[in-house]
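Presented below is the structure to which this report refers.
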Amino acid sequence: MTVTAQLNREQALRIATTAIHGGVRHAVLSPGARNTPLVLALHDLRHAGWPIELHSVIDERSAGFYALGLARIRDEPVMVSCTSGSAGANYGPAVVEACEGQVPLIVVTADRPEELQNCGAPQTMNQVGLFGPHVRTELQLSTPSAKDDGPELVRAIAMAVAAARGPSPGPVHINARFRKPLWEPGAPTPAYDSPTRSESKKIPDRDAARAIDALLNAIGNRKGVIVAGPDPSRRCAADALLELAERLGWPILADPVSSVRNATDPGVIRHGDGLLRCEGFRTRFQPEVLLAVGGTPSSRPVHELFQRTPTVRIDPSTRPWDPWKTVTQTVRCNASDVLQHSGMDAIAPLPSAWRAHWGNADQRAAQAIGEISQSDVWEGAVVADLFPRLPPACLLRLASSMPIRDADSFGLRAPSSVRVTSNRGVNGIDGLVATSMGEAAAHAGPTVVLSGDLSFLHDSGSLATVPSPKHPLVLVVFDNRGGAIFSYLPMVNHPTGFTPWFTTPHQADIAAIARGHGLAVHQPTSVAGVRDAVATALERSGISVVHVRIDADRSKERHERTWQAIAEAVQKGL
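When you line the sequence shown up against the numbering used here, it's residues 311 to 884, in that order.
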């Protein structure tokens, strides 16, 4: 074995073994020559008994989102690796989502050696700073040399892996240069040695204790509401949050992707979007303070609540968060830390009427949704009918754009064991299919995805490039022939520009595309038909598509009528 191939092998093994010792258990690999040392190092380690699973995804854009889905469900770092040149640039959208969504990814791009940089060599570009500010750290490795300091290199790689799962988890970038010959036979593979880890004890932080004191002073004995924002990785412990709400005597406004949305606790408000559309309710039950956890909610009325209400926030990460400039204090802790703080003993819960009024209004909203939305086929009717009938331990994925908003406005309570996720980092529609397939691969049960037609079309190529899951995965595609979400925004009133540039009507045959990928396709024409189609698809392993045609104009009218019905039902109960 030549010296160069041996040096490549040693560096690749340092990257791979250090990542595995740092908690990486899955690697998503895309084909290409330049990352040969790392691919074969991972392959050989797996065959030697190291705890690493490998996934092959031929398109790097899909691979990035697939890795994102794996990492989110497992809440642990996933490695994703590709060859040099434009391949790594295709990770960009997934890296941005992982950054803002706090999902740990170890992105390893292979690169050409120094002598091939900036000279017109093929498949070569400047990969320094490839992902800009969207990674927690970047590690640029030199082409392997006999002069390398092995232990120092391992320490640097270990620090990068640790940064991915730090206080603010997210992606890190390791750029690894390799010189030909990239690999030759005869290289040894180390035996797996399970690392020993010392358990670190949490030492009370005096500054944190003082911050919790200040927080309790801000919320104690005041009419407040906890707003539980999106938490697709389930880092906000639901039990602690529910207990804190009960101790305070506050309701919890729960986003569809929060950890408490489907809890049976009567203090959980699932229809805050509808309640806050009722002017009488907004006026009478305006809280004095909000306590925010999780990410930014999807509901516009909840955004408006933040705009007019002083807010305190608990968040163990260091990520800045205050879109409305109303957050007066952020404490780097979680709900269990607040519960265990000695100052909680001095907090008396509000009289039960405050929380009960919110709960009663929420029940009225749910009743109105159940009565009004069972009509012809439109998105709200489907989610209201489908959610309570989802199977236990199901994974429910919501596309950005209208599906998550429809789930927020009209989704009745699903079984408490249903887990809900969505790409809420930058709220993009891209990567929906690949992310769903990554999450389905990590989830031990069936998956149901609610998608718009544009979200499906944007990522339909992933159906050909990403491994099909073993469990059932049902893609419910609402097809309104374009970007109907924009009809709720001011540009709808432009006399000539709205349809071509915002609706962007398409002629794609979604059912034919799905069948072309060998998928089972259902095309129901009623709410009950959608329910039956989903139930049938859940009995079949692999991917099925439930294609639901939607009349966009009629759907908009149904949305507005149902929001009005909810507001009227809530108003009657005041």
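In this text, a Cβ means the ideal position worked out from N, Cα and C, and glycines have one as well.
This structure is a prediction, so every number in the text was calculated from the model and none was measured.
> By how many angstroms is the C-alpha of L463 removed from the C-alpha of F796?
Replying inline: 50 Å
Just the C-alpha distance for P351 and G476, rounded to the nearest angstrom, thanks.
-> Going by the sequence as given, residue 351 is Ala instead of Pro. Linking A351 to G476 through their CA atoms gives a straight-line distance of about 26 Å.
My parser needs the alpha helix (DSSP H) runs of 4 or more residues fully inside the region 513-551; what are they? 516-529
Excluding the five sequence neighbours on either side, which residues of its own chain have a C-beta within less than 6 Å of the C-beta of H336, listed in chain order? E363, L380 and V388
Simplified DSSP assignment, three categories, for A824: Of the three classes helix, strand and coil, the one that applies to A824 here is helix, per DSSP.
*asked:* Quick check on DSSP: helix, strand or coil for F591?
replied: helix
TODO: Please confirm whether V535 and L563 have their CB atoms less than 7 Å apart.
DONE: yes
Q.
For G653 and I823, which I take to be in contact (beta-carbon distance under 8 Å), what is that distance rounded to the nearest angstrom?
A. That pair is no contact at about 58 Å.
* Asked: Name the DSSP beta bridge partners of L449, please?
  -> I484
Next on the checklist: Between the alpha carbons of L785 and Y401, how many angstroms are there, rounded?
Outcome noted: 24 Å
Look at A538 and S568 and say whether their C-beta atoms are less than 7 Å apart. Contact: yes.
task: Let me know the alpha helix (DSSP H) ranges lying completely inside the region 608-668, each 4 residues or longer, listed in chain order.
output: Counting whole runs of 4 or more residues, the region 608-668 contains the alpha helix (DSSP H) stretches 610-617 and 645-650.
(request) Take A894 and list the residues in its own chain whose beta-carbon comes closer than 8 Å to its own, dropping the five residues that flank it on each side. (result) With the chain covering only 311 through 884, there is no way to say anything about residue 894.
### For V687, the nearest candidate out of P626, R618, A838 and H832 (CA to CA)
Of P626, R618, A838 and H832, the residue nearest in Cα terms is A838.
- Start-to-end residues for the alpha helix (DSSP H) that takes in P347: T346 to H357
Exercise. For S726, which residues from the same chain have a beta carbon less than 7 Å from its beta carbon, with the 5 sequence-adjacent residues on both sides left out?
Worked result: The residues are N572, A573 and T574.
Just the Cα atoms here: how many angstroms apart are H353 and D459? 25 Å
TODO: Please state if the CB of V418 and the CB of I484 are separated by a distance shorter than 7 Å.
DONE: yes
Can you round the beta-carbon distance between A818 and L767 to whole angstroms, since I take them to be within the 8 Å contact cut? 6 Å
**Asked** Candidates F812, L451 and W664: which alpha carbon is nearest E320's?
**Response** L451
### Query
Where do the N-terminal and C-terminal ends of the alpha helix (DSSP H) with E363 fall, by residue?
Here E363 belongs to no alpha helix (DSSP H); instead the beta strand (DSSP E) covers E363 to S366.
Q. For P514, does the count of other Cβ atoms within 10 angstroms reach 16, so buried, or fall short, so exposed?
A. Confidence at P514 is low in this model, with a pLDDT of 49, below 50, so the placement of that residue is unreliable and no value is reported for it.
key: Contact under 7 Å by Cβ, W493 with A343   = no
Worksheet entry | Spatial neighbours of F697 in its chain, beta-carbon cut-off 6 Å, leaving aside the 5 residues before and after | G721, L722 and A724
*asked:* For H832, report the span of its beta strand (DSSP E) as first-last.
replied: A830 to H832
_Helix, strand or coil at V891 [DSSP, three-state]_ = Past the boundaries of the shown model lies residue 891; the chain is included only from 311 to 884, so the question cannot be answered.
Buried or exposed (CB count within 10 angstroms, at least 16 for buried), I330: buried
| message | Can you tell me where the beta strand (DSSP E) holding C392 begins and where it ends? | response | V388 to C392
**Prompt:** Mind checking D789: buried by the 16 CB within 10 Å criterion, or exposed?
**Reply:** Its Cβ being crowded by 16 or more others within 10 Å, D789 is buried.
Determine the extent of the beta strand (DSSP E) in which P713 is found, giving its start and end residues. Unbroken run through P713 is the alpha helix (DSSP H), M712 to F720; no beta strand (DSSP E).
Practice prompt. State the Cα-Cα distance for the pair T806 and L601, rounded to the nearest angstrom.
Written response: 44 Å
Using beta-carbon positions only, say whether T814 and G792 come within less than 7 Å of one another. Yes, these two residues count as a Cβ contact at 7 Å.
* Which residues mark the beginning and the end of the alpha helix (DSSP H) in which R729 is found? -> R729 -> not in any alpha helix (DSSP H); beta strand (DSSP E) instead, spanning R729 to T731.
In the region 553-582, which residue ranges form an unbroken beta strand (DSSP E) of at least 3 residues, counting only runs that do not cross its ends?
562-564
ask   = Fully enclosed by the region 738-785, which alpha helix (DSSP H) runs are 4 residues long or longer?
value = Correct list: 742-752, 763-768 and 772-775.
- Quick one, are the C-beta atoms of V880 and R580 less than 7 Å apart? Against a cut-off of 7 Å, the Cβ pair of R580 and V880 comes out as no contact.
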